[in-house]
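These notes concern the structure reproduced below.
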Amino acid sequence: MLIFGDLSSDILLKEMQHELTEDDISGVETWLYLLKTFNDMYNSMGKYLAKYNFSQAKLNLLMLLYTNQHLREEELTPSELAERANVTRGTITGLLDGLEREGYVQRRNHPHDRRKITIYLTETGRNLLFSILPEQLVRITTVLADTTEEERKTLIGLLGKIQTGITRLE
Numbered sequence: 001m002l003i004f005g006d007l008s009s010d011i012l013l014k015e016m017q018h019e020l021t022e023d024d025i026s027g028v029e030t031w032l033y034l035l036k037t038f039n040d041m042y043n044s045m046g047k048y049l050a051k052y053n054f055s056q057a058k059l060n061l062l063m064l065l066y067t068n069q070h071l072r073e074e075e076l077t078p079s080e081l082a083e084r085a086n087v088t089r090g091t092i093t094g095l096l097d098g099l100e101r102e103g104y105v106q107r108r109n110h111p112h113d114r115r116k117i118t119i120y121l122t123e124t125g126r127n128l129l130f131s132i133l134p135e136q137l138v139r140i141t142t143v144l145a146d147t148t149e150e151e152r153k154t155l156i157g158l159l160g161k162i163q164t165g166i167t168r169l170e
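Residue numbers are given in the UniProt record's numbering: position 45 of the sequence shown equals residue 45, and the series is strictly consecutive.
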């Protein structure tokens, strides 16, 4: 199988084989292949974003803020942003500090509650977002070029089933 470029996953699976059914082994192999694919995608994205001295986490925040502002929803607080980005409040603080220092976001007083602040995507942040996304979209379509629309729909359905399985773990 050699999912991670060495023998570790094969050796571990052979050691644990007596604990698993054939279906279980196939499931573990599928899981490992998904992890490898995700890591490769994430690393490729990281290398691309490094050209902009940027990270996937920061890009996700800019996209969340843009979408939120575009829908004309009320500006998000840091804790709301953390929840939507699925990161901790501590992580969001560090990310926002960097984005604010670079001029991509602004902290503003909450319009209805003086104890809170909201996060606003600046014009500079929007410009960066729209300079990064076009090439990234081309990169994504290049990765998926060997799949048909039907295969992609099937994959989305299968990934949805995996997401359902993940919720059973929580």
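We treat Cβ as the ideally placed atom computed from N, Cα and C, and that holds for glycine.
DSSP beta-bridge partners of residue i
{"i": "N109", "result": "I117"}
{"i": "L76", "result": "I119"}
Candidates the options, of which the one nearest residue i by Cα
{"i": "P78", "options": "L158, E170, L121, W31", "result": "L121"}
{"i": "N68", "options": "A85, N53, Y52", "result": "A85"}
{"i": "I119", "options": "Q106, P111, R152, A50", "result": "Q106"}
{"i": "I132", "options": "L49, I166, N39", "result": "L49"}
{"i": "E135", "options": "K116, K161, K47", "result": "K47"}
Residue i - DSSP class collapsed to helix/strand/coil
{"i": "L71", "result": "coil"}
{"i": "E29", "result": "helix"}
{"i": "T148", "result": "coil"}
{"i": "T141", "result": "helix"}
{"i": "Y52", "result": "coil"}
{"i": "L155", "result": "helix"}
{"i": "G103", "result": "coil"}
{"i": "E135", "result": "helix"}
{"i": "L2", "result": "Summary for L2: the model assigns pLDDT 44, below 50, so the residue's position carries little reliability; its value from the coordinates is reported in the next sentence. Correct three-state label for L2: coil."}
CB contact flag (residue i, residue j, <7 angstroms)
{"i": "residue 177", "j": "Q56", "result": "Only positions 1 to 170 of the chain appear in this structure, which leaves residue 177 out of reach."}
{"i": "Y104", "j": "G125", "result": "yes"}
{"i": "I92", "j": "L81", "result": "yes"}
{"i": "residue 171", "j": "L129", "result": "Outside the displayed range of the chain (1 to 170) lies residue 171, so it cannot be described from this structure."}
### Query
Is the segment 134-147 touching the segment 92-100 in the sense that three or more CB pairs, one from each, lie closer than 8 angstroms?
no
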